[in-house]
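Asker:
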Ligand SMILES: C[S@@+](CC[C@H](N)C(=O)[O-])C[C@H]1O[C@@H](n2cnc3c(N)ncnc32)[C@H](O)[C@@H]1O
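Numbering (this note's numbering), first residue to last: 610 to 1057.
1) What residues in its chain sit with their C-beta under 7 Å from that of residue 928, if we drop five residues either side in the sequence?
2) If you scan the stretch 871-916 from start to end, which runs of the alpha helix (DSSP H) of 4 or more residues do you find wholly inside it?
3) Please report the straight-line C-alpha distance between residue 1038 and residue 739, rounded to a whole angstrom.
4) Please report how far the alpha carbon of residue 781 lies from the alpha carbon of residue 726, in whole angstroms.
5) Could you tell me the boundaries of the beta strand (DSSP E) in which residue 826 lies?
6) Per DSSP, which one or two residues make a beta bridge with residue 946?
7) Does the Cβ of residue 770 lie closer than 8 Å to at least one heavy atom of ligand 1?
8) Quick check: what's the CA-CA separation for residue 658 versus residue 828?
9) Tell me the rounded alpha-carbon separation between residue 987 and residue 666.
10) How far does the alpha helix (DSSP H) with residue 1002 in it reach, from first residue to last?
11) Short check: CB of residue 1003 to CB of residue 836, under 9 Å?
12) Report the residue ranges of all beta strand (DSSP E) runs contained in full by the stretch 637-714; include only those spanning at least 3 residues, in chain order.
13) Please list the terminal residues of the continuous beta strand (DSSP E) segment that includes residue 815.
14) What did DSSP end up calling residue 1019 once you bin it into helix, strand or coil?
15) I need the DSSP call for residue 1145, collapsed to helix, strand or coil.
16) Residues in its own chain within less than 7 Å of residue 698 by CB, not counting five upstream and five downstream?
17) Keeping to the same chain, check which residues put their C-beta closer than 6 Å to that of residue 843; ignore five residues upstream and five downstream.
18) Going by DSSP in three states, residue 971 sits in which element: helix, strand or coil?
19) In this structure, does DSSP put residue 797 in helix, strand or coil?
20) Using the rule of at least 16 other Cβ atoms within 10 Å of the residue's Cβ for burial, across every protein chain shown, is residue 743 buried or exposed?
21) Please indicate yes or no: does the CB of residue 1011 lie closer than 8 Å to some heavy atom of ligand 1?
22) Just tell me which of 753, 1048 and 882 has its CA closest to the CA of residue 810.
23) Helix or strand or just coil, what does DSSP make of residue 731?
24) Under the three-state reduction of DSSP, which class applies to residue 754: helix, strand or coil?
25) By Cβ distance, which residues of its chain are closer than 7 Å to residue 1011, with the 5 residues on each side in sequence left out?
26) Short check: CB of residue 771 to CB of residue 756, under 9 Å?
27) On a CA-only basis, which of 664, 677, 678 and 690 is nearest residue 647? Give me that one, please.
28) In terms of residue numbering, what span does the beta strand (DSSP E) encompassing residue 839 cover?
29) Excluding the 5 residues flanking residue 799 on each side, which residues of the same chain have their C-beta closer than 6 Å to its C-beta?
30) Using a Cβ-based criterion (distance less than 8 Å to any ligand heavy atom), does residue 947 qualify as near ligand 1?
31) On the DSSP letters alone, give me the boundaries of the alpha helix (DSSP H) that residue 1036 sits inside.
32) Tell whether a beta-carbon distance below 9 Å holds between residue 921 and residue 961.
Okay, structure coming up:
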């Protein structure tokens, strides 16, 4: 391990004396007349408001680098010793056996640099420090509820984020809170009646059939829209109760009819579609049916030419699923998201680049599907919405289920217009939105 080296000098870079490619370093006499001291590491206090989550890998990389390369960065403290930046560094340093901290006091008017006197830029330790410092950061993430607490307390953190990035993080925090508050006490008998259209703030949800021309057009009329920028959905895969009573052949046939029917209705309205589907059908002869391939064909035949694919990597669940005996099948740990449409694909320069252009999207599945059997994570519609729409745009979901797309649209300032066949799931959508917004939804149109 590296011994702590506490010899230090204070320098200021003289900008005026800078020659091309060189800097002149002068002793700065007036600098830092505040006290500098060596304190025990456990005198520092971890920040209770730290809005970062440090994964085991994050801590391991820092500790590994400390062991190999010694200390190479500064840590920021408040005047009472609370660690404002570098909580993980101090934690890992404690693990690595460091027990003292050289504290340099400043009032923030000068830059403090750590100068390693024992290494040249091309030394392995120099490379190790530079790489590990950046690599470690990629294994930390935002603690969204802490971040939200800071925002709710009136702290203006927006300048440090891109607008959509902060919105997405705060919306995640809302989901966490919402998941904790999720209503489990839905009435035995649904409040929603078939044909009801609910208004939820700017959004609309109808209890109806997405394959039915009249239902779809009544919903659009009530919502007052003729076109939408994007449709995000996961259609029924046809393995649920709707089709379970049928033979495989009928079931597959019904699924194809249902799919073509809704695509015909909705592709006229939405410019683009992001459709989430799994390849989980087995045909009448026992052979697999490539449902995603069929979806691409169906959309190409309608007004939605194929654009691109994302593979959603979920938690592996083959050991609990019904397919574990067919060991050659890679089933439950991925699904497709097909992107279709005619609207121009505008690349936006923001910091969603780490997933936006990737073919695989790693997103945590909904852990508890207790109120709806097939929810996708809110992050799925959120990513599609960020990637393909602008604030204020209309987003459709013809199979909204528990309301996930509507919740994503609400948190991202888009308007959602949605359909769901089951009155209970419409109730669930209404309750989720009411819990999230503390607002009240109303039925604005019904068949009776
Ligand atoms: C895969 S789930 C969607 C789940 C949704 N993405 C979520 O996160 O809750 C499909 C939904 O479509 C609904 N559905 C099935 N057939 C329908 C139809 N013809 N019209 C409208 N909704 C339908 C089902 O009741 C189910 O809630």
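Ideal placement from N, C-alpha and C gives every residue a C-beta, glycine not left out.
As the structure is a computational prediction, the values presented were derived from the model and not from experiment.
Answerer: Taking the coordinates as given:
1) Counting from 1 along the chain shown, the entry for residue 928 is found at position 319. With a pLDDT of 44 at residue 928, under the threshold of 50, the modelled position of this residue cannot be trusted, and the question is left open.
2) 900-910
3) The residue you call residue 1038 lines up with position 429 of the chain shown. The residue you call residue 739 lines up with position 130 of the chain shown. Cα to Cα, residue 1038 sits roughly 48 Å from residue 739.
4) Within the chain shown, residue 781 is the residue found at index 172, counting from 1. Within the chain shown, residue 726 is the residue found at index 117, counting from 1. If you take the alpha carbons of residue 781 and residue 726, they lie about 44 Å apart.
5) Working through the chain shown from its first residue, we reach residue 826 at position 217. Run containing residue 826: none in the beta strand (DSSP E); it sits in the alpha helix (DSSP H), 822-832.
6) Within the chain shown, the letter at position 337 stands for residue 946. Residue 946 pairs with 885 and 919.
7) Sequence index remark: in the chain shown, residue 770 carries index 161 (1-based). No, Cβ of residue 770 sits at least 8 Å from all heavy atoms of ligand 1.
8) In the chain shown, residue 658 corresponds to position 49, counting from 1. In the chain shown, residue 828 corresponds to position 219, counting from 1. Approximately 46 Å between the Cα atoms of the pair.
9) As a first step, residue 987 is located in the chain shown; it is residue number 378 there, counting from the start. As a first step, residue 666 is located in the chain shown; it is residue number 57 there, counting from the start. Near 26 Å, if we compare the C-alpha coordinates of residue 666 and residue 987.
10) Counting from 1 along the chain shown, the entry for residue 1002 is found at position 393. Segment: none, residue 1002 is in no alpha helix (DSSP H) and carries neither H nor E.
11) Position 394 of the chain shown, counted from the start, is the residue given in the question as residue 1003. Position 227 of the chain shown, counted from the start, is the residue given in the question as residue 836. Result yes, Cβ atoms of residue 1003 and residue 836 sit closer than 9 Å.
12) Taken in chain order, the complete beta strand (DSSP E) segments of 3 residues or longer contained in the stretch 637-714 are 645-649, 661-663, 692-694 and 709-713.
13) For the purposes of this step, residue 815 is taken as the residue at position 206 of the chain shown. 812-816 is the span of the beta strand (DSSP E), which, as asked, contains residue 815.
14) Here residue 1019 is taken as the residue at index 410 of the chain shown, counted from 1. Helix at residue 1019.
15) A query on residue 1145 cannot be resolved here, the shown segment of the chain reaching from 610 to 1057 and no further.
16) Here residue 698 corresponds to residue number 89 of the chain shown, with the count starting at 1. Closer than 7 Å at the Cβ level, and outside the excluded window around residue 698, lie 671, 682 and 684.
17) Walking along the chain shown from the start, residue 843 turns up at place 234. Contacts found: 885 and 985.
18) Residue 971 sits at position 362 when you count from the first residue of the chain shown. Three-state result, residue 971: strand.
19) One-based indexing of the chain shown puts residue 797 at position 188. Coil at residue 797, not helix or strand.
20) In the chain shown, residue 743 corresponds to position 134, counting from 1. Exposed, because fewer than 16 other Cβ atoms sit within 10 Å of the Cβ of residue 743.
21) For the purposes of this step, residue 1011 is identified with residue 402 of the chain shown, where counting begins at 1. Within the cutoff, so yes.
22) Counted from its first residue, the chain shown places residue 810 at position 201. Comparing Cα-Cα distances from residue 810 to each of 753, 1048 and 882, the minimum goes to 1048.
23) Stepping through the chain shown from its first residue, residue 731 is reached at position 122. Three-state result, residue 731: coil.
24) On the chain shown, residue 754 is found 145 positions in, with the first residue counted as 1. Here residue 754 sits in helix by DSSP.
25) The residue labelled residue 1011 in the question sits at position 402 within the chain shown. Excluding residues within five positions, the ones whose Cβ falls inside 7 Å are 980, 981, 984, 1034, 1037, 1038 and 1041.
26) Translated into positions along the chain shown, residue 771 becomes position 162. Translated into positions along the chain shown, residue 756 becomes position 147. No, the Cβ-Cβ distance between residue 771 and residue 756 is not below 9 Å.
27) What you label residue 647 is simply residue 38 of the chain shown in a count that begins at 1. Nearest Cα to residue 647 within the set 664, 677, 678 and 690: 690.
28) For the purposes of this step, residue 839 is taken as residue 230 along the chain shown, with counting starting at 1. Here the beta strand (DSSP E) through residue 839 covers 837-842.
29) Numbered from its first residue, the chain shown carries residue 799 at position 190. Correct list, in chain order: 1032, 1033 and 1036.
30) Residue mapping note: residue 947 aligns to position 338 of the chain shown, counting from 1. Not under cutoff, so the answer is no.
31) Position 427 of the chain shown holds residue 1036. Segment 1032-1046, the alpha helix (DSSP H) holding residue 1036.
32) Here the question's residue 921 lines up with position 312 in the chain shown. Here the question's residue 961 lines up with position 352 in the chain shown. No; because the gap between Cβ atoms is not below 9 Å, this pair is not in contact.
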